[in-house]
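In order, the protein sequence lines correspond to chains A and B.
Going by our numbering, the first residue of the first sequence is number 248, and it counts up by one from there.
Going by our numbering, the first residue of the second sequence is number 210, and it counts up by one from there.
Taking it in order: structure first as structure tokens, then the write-up.
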Amino acid sequence: MAAIEILGLEKTYTVGFWRKKPTHALRPLHLKVEEGEIFGFLGPNGAGKTTTLKLLMGLVFPTAGSARILGMEVNDPRMKAQIGFLPEQPYFYDYLTARELLEYYGQLSGVASKDRSRKVNEVLQRVGLPDAAGTQLRKFSKGMLQRVGIAQAILHDPKVVFFDEPMSGLDPMGRREVRDLMEQLKHEGKTVFFSTHILSDAEALCDRVAIIHQGELRGIGAVADLTSSVHGKVELVWQGSSVPGSLKALGAECHVTGDTVRAVISEARQNAALEALRREGLRLISLTPVRMSLEDYFVQQLKPSEAAVEVTS
Amino acid sequence: MSMRLVHIASNTFREAVRDRVLYNLIAFALLMSGAAILVGQISIDIERLVVINLGLTAVSLFGLVIAIFIGIGLVSKEIDRRTLYTVLSRPTRRWEFIVGKFLGLAGTLVVNTVFMAIGVFAALLYVSHHFQKADGWLLVALYFIILQFLIITALALLFSSFSSPLLSAVFAFALFVIGCFAEDLRGFASMTQGVTRWVATGAAYLVPNFSALNVISSVAHEQPVSGQLIFYNTAYALIYAAMALCGAVLVFEHRNLK
């Protein structure tokens with residue numbers, strides 16, 4: 248059973264004075280996330296990531312299509328007891344202390360009263376806020392609020408966790424801790440679905456990613472598959488501080504750093520370049536095909552000319 | 210009763226208390242004491258009447274302001290600040306959220322009224338030096354004031370489920386003012402003919418009848434309140450508040466939280 252199954256989910260808002268002009272926040276989206284995956288939902292600002300998450304949380308209603316989480320409809324309270332959600336830039340009841348807030352959310356999630364206090368302590372420890380438990384949230388920094396947000400999302404031991412921009416507002420250490428936490432959740436067998444526009448986080452964490460732009464799915468697949476395609480270029484690295492003229496004549500883009508030279512050259516001219524190096528008596532360190540980074544893939548999918556959905560898995 | 214409903218209600222109560230709403234009681238108690246002393250000095254034989262009228266009217270108005278201004282923010286504030294997202298992404302149904310919020314604010318208003326009533330009785334004791342048997346009717350007047358709060362809170366919630374806080378406040382306050390003249394509106398309807406009669410009668414029965422719930426003047430004149438009126442007013446207020454609450458739930462159930 249898929250953890251998340253989205254079947255043609257669509258959201259259109261009507262705008263204008265007479266509310267006749269349609270704005271497509273999300274075009275029909277088909278997506279399946281397997282149990283135990285870390286799934287990255289990538290896209291620039293305003294791409295439709297938050298709309299998708301709101302649809303999955305039942306906060307907005309779809310114009311068409313449906314979605315199932317753990318095999319249940321999105322408005323099924325039994326399903327909601329098994330998921331956790333961190334909204335983008337979360338804001339909480341600032342008159343409560345961190346402990347009171349988590350106790351309240353524990354009550355709403357149906358955590359048994361005998362376990363609640365223990366779970367609150369555990370989760371505060373886990374997000375690095377054990378000393379701030381008795382502090383009112385109005386005194387919290389943005390990063391601390393983000394940590395409380397993560398704590399409330401995992402408090403009730405959910406099977407599927409949804410994070411909307413979880414790294415937002417965190418310093419480098421905080422981002423590292425959240426990445427570790429997401430990996431821990433995966434090791435615990437939980438499914439993590441998170442939206443982000445920070446591609447390095449997605450590349451480091453995700454089993455699979457989907458790219459969305461202007462409400463439309465532009466690409467989906469395993470990170471390794473998406474970045475495995477080559478540009479048709481190779482990178483040569485050799486020891487030295489000069490670039491032979493014959494290599495320049497082959498159109499190599501060369502960069503000298505200390506006593507190593509890196510040159511990127513078309514794959515078709517690879518043999519000629521190697522011959523040139525051999526002739527000059529230069530020592531080759533490495534020869535590797537130039538692979539596409541997730542960022543390259545992301546940028547490529549966002550280009551209007553390449554709007555066709557490429558489904559690689 | 211759903212336990213989630215109780216948790217939402219108690220959190221709403223906690224929010225109101227920490228929002229320093231109840232601290233207006235201190236100001237009110239001081240105001241009442243001052244008024245009682247003043248009245249004792251400038252009036253002869255009607256101190257008691259003035260204290261009851263002044264006191265109960267102040268309880269009603271203070272509570273009304275609290276009911277409207279907290280009531281209109283109960284839903285809109287949660288949407289604006291997005292605190293609602295983490296509540297509704299849990300196994301909380303939308304109707305539980307609305308009803309829980311209503312109960313929380315109703316609880317706050319009841320506690321508020323109890324404290325303010327203590328102020329009124331203290332002022333009454335100060336000017337009269339003792340309580341009379343007829344003072345018991347003050348409790349009925351206070352009970353009717355609480356019934357008014359239930360109606361206005363439900364209306365504020367209804368308006369805030371589809372309009373901005375400012376408009377909600379205007380609607381709720383306007384309806385309160387019109388409702389205070391509901392008996393006059395019914396009298397006007399009975400004097401008209403044709404379509405006007407239908408429209409006026411419909412409007413008269415649609416607006417909440419706050420004039421029937423106002424017995425301050427009667428109890429100030431030591432007139433008893435009939436059991437029948439207590440029963441009818443209770444039934445009326447509960448049904449009216451329930452209907453307004455149902456309307457709020459109906460709107461909120463279909464609302465996209467942008």
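Glycine included, every Cβ here is placed at the ideal spot set by N, Cα and C.
These numbers come from a predicted model, not from an experiment.
* Span of the beta strand (DSSP E), counted from its first residue to its last, around Y260/A -> A249 to V262
* Asked: Nearest to V470/A by alpha carbon, out of I285/A, A272/A, D404/A and W265/A?
  -> I285/A
* Within the 7 angstroms Cβ cut-off, does Y544/A reach chain E? -> Going by chain labels, chain E is absent from the structure shown, which instead holds the protein chains A and B.
* **Interface residues of chain B facing S313/A [CB-CB closer than 8 angstroms]** => By Cβ distance, chain B contributes nothing, its closest Cβ being about 16 angstroms from S313/A, past 8 angstroms.
* Could I get the ranges of all uninterrupted alpha helix (DSSP H) runs contained in the stretch 380 to 430 of chain B, with 4 residues as the minimum, in chain order? => 391 to 400, 403 to 415 and 425 to 429
* Asked: Under a CB-based cut-off of 7 angstroms, is Y414/B close to chain A?
  -> no
* In whole angstroms, what is the alpha-carbon distance linking T270/A and N292/A? -> 16 angstroms
* **Validate contact between the stretch 351 to 358 of chain A and the stretch 317 to 331 of chain B using beta carbons, cut 8 angstroms, 3 pairs** => no
* Per DSSP, what kind of secondary structure is I448/B in: helix, strand or coil? -> helix
* So, does the CB of Q354/A fall closer than 7 angstroms to a CB anywhere in chain B? -> yes
* To do: Using only alpha-carbon positions, find the residue among F441/A, D472/A, A451/A and T382/A that is nearest to I459/A.
  => F441/A
* Asked: What are the complete beta strand (DSSP E) segments, minimum 3 residues, inside the stretch 489 to 537 of chain A?
  -> 500 to 504 and 507 to 513
* Interface residues of the stretch 287 to 319 of chain A facing chain B [CB-CB below 8 angstroms] -> K301, M304, G305, L306, V307 and F308
* **Contact check, F445/A vs A457/A, beta carbons under 7 angstroms** => With the sequence shown as reference, residue 445/A is identified as Ile, and Phe is not the correct amino acid for it. Their beta carbons are not under 7 angstroms apart, which means I445/A does not touch A457/A by this criterion.
* Report yes or no: do three or more beta-carbon pairs, one from the stretch 349 to 359 of chain B and one from the stretch 266 to 281 of chain B, lie closer than 8 angstroms? => yes
* Asked: Based on Cα-Cα distance, which residue from K389/A, A345/A, R274/A and Q383/A lies nearest to E369/A?
  -> A345/A
* So, does the CB of N465/B fall closer than 7 angstroms to a CB anywhere in chain A? -> yes
* Alpha carbon of S533/A to alpha carbon of E320/A, nearest angstrom -> 53 angstroms
* Contact set between the stretch 342 to 369 of chain B and chain A, restricted to residues whose Cβ is under 7 angstroms from the partner -> none
* Asked: Mapping DSSP to helix, strand and coil, what is M212/B?
  -> helix
* Say whether chain B places a C-beta atom closer than 7 angstroms to the C-beta of K361/A. => no
* To do: Give the range of the beta strand (DSSP E) segment to which P309/A is assigned.
  => It is not in any beta strand (DSSP E) - P309/A carries neither H nor E in the DSSP assignment.
* Coil, strand or helix - K301/A by DSSP -> helix
* DSSP bridge partner residues for D411/A (one or two, in chain order) -> S442/A
* Please state if the CB of V407/A and the CB of M414/A are separated by a distance shorter than 7 angstroms. => no
* Endpoints, alpha helix (DSSP H) assigned at L278/A -> Premise fails: L278/A lies in the beta strand (DSSP E), K268 to E281, not in any alpha helix (DSSP H).
* Taking C-beta pairs closer than 8 angstroms, name the residues in chain B that Q399/A reaches, listed in chain order. => T295
* **Cβ-Cβ distance between T310/A and T259/A below 7 angstroms** => yes
* Inter-residue spacing [alpha-carbon to alpha-carbon] between A499/A and P536/A -> 14 angstroms
* Does any C-beta atom of chain B lie closer than 7 angstroms to the C-beta of A555/A? -> No answer about A555/A holds up, because its pLDDT of 46 lies below 50 and its placement is not dependable.
* Asked: Which stretch, first to last residue, makes up the beta strand (DSSP E) that contains E284/A?
  -> Neither: E284/A is in no beta strand (DSSP E) and is coded neither H nor E.
* **C-beta atoms of G264/B and A332/B nearer than 7 angstroms** => yes
* **Touch test, the stretch 448 to 467 of chain B against the stretch 297 to 307 of chain B, Cβ-Cβ under 8 angstroms, three pairs minimum** => yes
* Taking DSSP as the reference, what is the three-state secondary structure of G293/A? -> coil
* In whole angstroms, what is the alpha-carbon distance linking K562/A and K296/A? -> Since the first residue of chain A shown is 248 and the last is 560, residue 562/A is not available in this structure.
* Does the Cβ-Cβ distance between V434/B and W346/B come in under 7 angstroms? -> yes
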